Amino acid sequence: MNPKFQIRPLLLVLIVVLAALSRLLPHPYNFTPVTAIALFGGAYFSRTYLAFLVPLLAMWISDLLLNNIVYAAYFEQFAWFGSGSVYLAFGLIVGLGILFLKKVKPGRLILTTLAASTLFFLVTNFASWLGMAVYSKDLSGLLQAYIAGLPFFRTALLGDLVYSLLLFGSFEWVKRQYPQLVQKTA
5 MNPKFQIRPL
15 LLVLIVVLAA
25 LSRLLPHPYN
35 FTPVTAIALF
45 GGAYFSRTYL
55 AFLVPLLAMW
65 ISDLLLNNIV
75 YAAYFEQFAW
85 FGSGSVYLAF
95 GLIVGLGILF
105 LKKVKPGRLI
115 LTTLAASTLF
125 FLVTNFASWL
135 GMAVYSKDLS
145 GLLQAYIAGL
155 PFFRTALLGD
165 LVYSLLLFGS
175 FEWVKRQYPQ
185 LVQKTA
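FYI, the numbering for the sequence shown is 5 to 190, going by the numbering used here.
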């Protein structure tokens, strides 16, 4: 059996899990690896089901730890899931990674990360507008929801760019050191 097929997926899983667990470390609000993990999974897992499954599972496990240990005071009972809109956006971002990051190049990575950050912002703030009584259910309320999210978007965008460059840059560097990790395409 060729060791490339054993080592590469394990290394990808390890990178995703470590990035997801970094959410447990102190950090500025919304400065997280969430978008980078989704893009990374979409870009590097050769099997589509793994591109979705590994990042989503890592995200879910880190949410379990965050919600039930770090933020336990905010939940009346054990919290099994975070926001559905976050997971929806996360899945869509994996799709962006699959579509646009088959060949990882710095410019393409930055543009895709910016698109992913914007997508996450649009989806999650739309869900806030739908689900929160504080916003009127008209165009004015929707605009208020997006405006209210802008301060969080700035920090999230910075975190997305930093983590994307860190995750992708690290893996590309490792691939240069260990050419057996480079996946051949047919």
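Where is the CB? At the ideal position from N, CA and C, for every residue including glycine.
Computed from a predicted model, the values in this text were never measured in an experiment.
Grab the span of the alpha helix (DSSP H) containing residue i for me, first residue to last.
i: ARG12; result: 8 to 25
i: TRP133; result: 110 to 135
i: PRO30; result: First-last for PRO30: undefined, no H or E at that position.
i: PRO155; result: 143 to 181
Measuring straight from C-alpha to C-alpha, what distance separates residue i and residue j?
i: TRP133; j: GLY145; result: 7 Å
i: LEU69; j: ILE19; result: 18 Å
i: GLY173; j: VAL90; result: 25 Å
i: ALA160; j: PRO32; result: 9 Å
i: SER121; j: ALA77; result: 29 Å
i: TRP177; j: ASP142; result: 49 Å
i: VAL38; j: LYS179; result: 23 Å
i: ALA40; j: PHE49; result: 14 Å
i: LEU60; j: ALA119; result: 19 Å
Apart from the five residues just before and just after residue i, which ones in its own chain have a Cβ nearer than 6 Å to its Cβ?
i: GLY86; result: ASP67
i: VAL58; result: VAL17, VAL20 and GLY45
i: ILE151; result: none
i: TYR167; result: PRO37 and ALA40
Can the beta-carbon of residue i be found less than 9 Å from the beta-carbon of residue j?
i: MET193; j: PHE35; result: For residue 193 there is no data in the structure shown, the boundaries of the chain being 5 and 190.
i: ILE97; j: PHE124; result: yes
i: GLN187; j: ARG51; result: no
Taking 7 Å as the limit between beta carbons, can you name the residues of its chain near residue i, skipping five residues before and five after?
i: GLY163; result: ASN34, PHE35 and THR36
i: SER140; result: none
Q) What alpha helix (DSSP H) runs, 4 residues minimum, are completely inside the region 51 to 117? A) 52 to 69 and 88 to 104
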